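This report refers to the structure that appears directly beneath it.
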Amino acid sequence: MVKAGIFGANGRMGRVLIEALQQQDNAQLQVATVRDDSPWLGMNVGELAGIGKLGVSCCAVGEINPDSVDVMIDFTLPAAFEANLQWCVDNRKPVIIGTTGLSDAQLAALDEAAKAIPVVFAANYSVGVNLMLSLVRQAARALGKTADIEITEAHHRFKQDAPSGTAMAIGEAIADELQRDLSQCAVYGREGKGPERDRDTIGFATVRAGDIVGEHTALFADIGERLEITHKASSRLTFAKGAVNAAVWLSDKSPGLYTMAQVIGLEN
Numbered sequence: 001m002v003k004a005g006i007f008g009a010n011g012r013m014g015r016v017l018i019e020a021l022q023q024q025d026n027a028q029l030q031v032a033t034v035r036d037d038s039p040w041l042g043m044n045v046g047e048l049a050g051i052g053k054l055g056v057s058c059c060a061v062g063e064i065n066p067d068s069v070d071v072m073i074d075f076t077l078p079a080a081f082e083a084n085l086q087w088c089v090d091n092r093k094p095v096i097i098g099t100t101g102l103s104d105a106q107l108a109a110l111d112e113a114a115k116a117i118p119v120v121f122a123a124n125y126s127v128g129v130n131l132m133l134s135l136v137r138q139a140a141r142a143l144g145k146t147a148d149i150e151i152t153e154a155h156h157r158f159k160q161d162a163p164s165g166t167a168m169a170i171g172e173a174i175a176d177e178l179q180r181d182l183s184q185c186a187v188y189g190r191e192g193k194g195p196e197r198d199r200d201t202i203g204f205a206t207v208r209a210g211d212i213v214g215e216h217t218a219l220f221a222d223i224g225e226r227l228e229i230t231h232k233a234s235s236r237l238t239f240a241k242g243a244v245n246a247a248v249w250l251s252d253k254s255p256g257l258y259t260m261a262q263v264i265g266l267e268n
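Shown next, in the form of structure tokens:
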């Protein structure tokens with residue numbers, strides 16, 4: 001039985017992760033952290049998640065007993081990322097990272113941490129999205145030289161980063177397959193009059209509205225035909241279950257930076 005911990009248990013994904021761990025047969029929630037000044041300190045995690053009392057209460061990161069946990073899961077915000085990652089490095093604990101919107105410096109810190117501990121870092125933990133990343137690579141190989149490529153994504157009104165981490169991962173997969181530099185060919189918005197579309201660009205469009213869980217489409221449009229590859233999530237539990245499965249998979253791995261594609265067997 002893998003003993004799992006959650007950073008930021010009071011967040012939207014934190015609460016769903018509590019539920020996902022409760023449904024898992026080979027993992028058990030042992031630790032759930034909140035901010036040092038949080039009103040949730042000491043609250044039962046089951047009541048926090050709305051699933052009835054469980055045997056764990058919310059604590060601050062500094063109160064974690066390292067011996068009580070095998071692997072940590074972090075879906076917090078960039079502001080909390082570095083301290084959470086450092087705790088894992090200091091205590092030699094594998095970690096699942098689902099935090100998006102990380103800076104270049106934070107990504108570099110992640111690479112450095114992976115030299116000491118096992119890390120899974122993914123923009124999205126659903127099986128469907130990771131299969132989509134494989135499919136858009138195939139589409140890019142077949143259509144990328146002639147088709148116009150656009151990526152659209154939609155999320156709930158509370159999401160702070162745009163485009164989403166998943167949209168950027170889709171763009172990176174396509175650009176990598178076409179040997180393009182996404183930082184040079186990405187277009188993040190269009191308005192007014194301008195020149196004809198540059199076929200080598202990859203466009204992004206973002207929607208933030210209501211309670212949309214997550215929708216992503218990669219469009220390959222040529223003259224006379226177009227291909228759309230779409231993934232729609234209807235529940236955050238999909239992502240949480242994927243993260244829990246990744247935690248179980250990672251618990252006995254050597255230090256290194258792993259992907260969700262490796263977790264589900266799409267890559268070695």
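Heads up, the sequence shown is in UniProt numbering, so the first residue is 1 and it goes up one at a time. Note that beta-carbon positions come from the ideal geometry of N, C-alpha and C, so glycine has one too. Bear in mind the structure is a predicted one, so any value in this text is a computation, not a measurement.
Pair within 9 Å by beta-carbon distance, residue i and residue j
i           : j           : result
residue 165 : residue 76  : no
residue 31  : residue 49  : no
residue 91  : residue 64  : yes
residue 256 : residue 114 : yes
residue 231 : residue 103 : no
residue 154 : residue 194 : no
residue 182 : residue 202 : yes
residue 18  : residue 46  : yes
residue 35  : residue 80  : yes
residue 13  : residue 98  : yes
residue 229 : residue 218 : yes
residue 22  : residue 51  : yes
residue 10  : residue 59  : no
residue 157 : residue 101 : no
residue 282 : residue 131 : Summary: the structure shown does not reach residue 282, with the chain confined to residues 1 through 268, and so no result is reported for it.
residue 106 : residue 78  : yes
residue 170 : residue 216 : yes
8 Å contact criterion, which residue i and residue j should meet: CB distance rounded
i           : j           : result
residue 71  : residue 93  : 6 Å
residue 247 : residue 96  : 5 Å
residue 69  : residue 33  : Actually they are not in contact, since the Cβ atoms of residue 69 and residue 33 sit about 10 Å apart, beyond 8 Å.
residue 27  : residue 2   : 4 Å
residue 16  : residue 236 : 4 Å
residue 44  : residue 54  : 6 Å
residue 200 : residue 180 : 7 Å
CB contact below 9 Å: residue i versus chain B
i           : result
residue 124 : Considering every chain present, this structure includes no chain B. It has just one protein chain.
Residue(s) in a DSSP beta bridge with residue i
i           : result
residue 275 : In the structure displayed, the chain extends from 1 to 268; residue 275 sits before or after that span and is not available.
residue 81  : Beta-bridge pairing links residue 81 to no other residue.
residue 18  : Answer by DSSP bridge pairing: none, since residue 18 is not bridged.
residue 57  : 44
residue 118 : 256
residue 97  : 74 and 121
Suppose only complete runs of 4+ residues qualify. What are the alpha helix (DSSP H) ranges in the UniProt domain "Dihydrodipicolinate reductase C-terminal" (128-264), listed by chain order?
165-177, 182-185, 237-250 and 260-263
Does the count of Cβ pairs from the region 148-166 and the region 195-208 closer than 8 Å reach three?
yes
Does the region 167-186 touch the region 123-140, meaning 3 or more C-beta pairs lie closer than 8 Å?
yes
Count the CB pairs spanning the region 243-259 and the region 186-201 that are closer than 8 Å, and state whether there are at least three.
no
Below 8 Å, can you find three or more Cβ-Cβ pairs linking the region 110-121 to the region 140-148?
no
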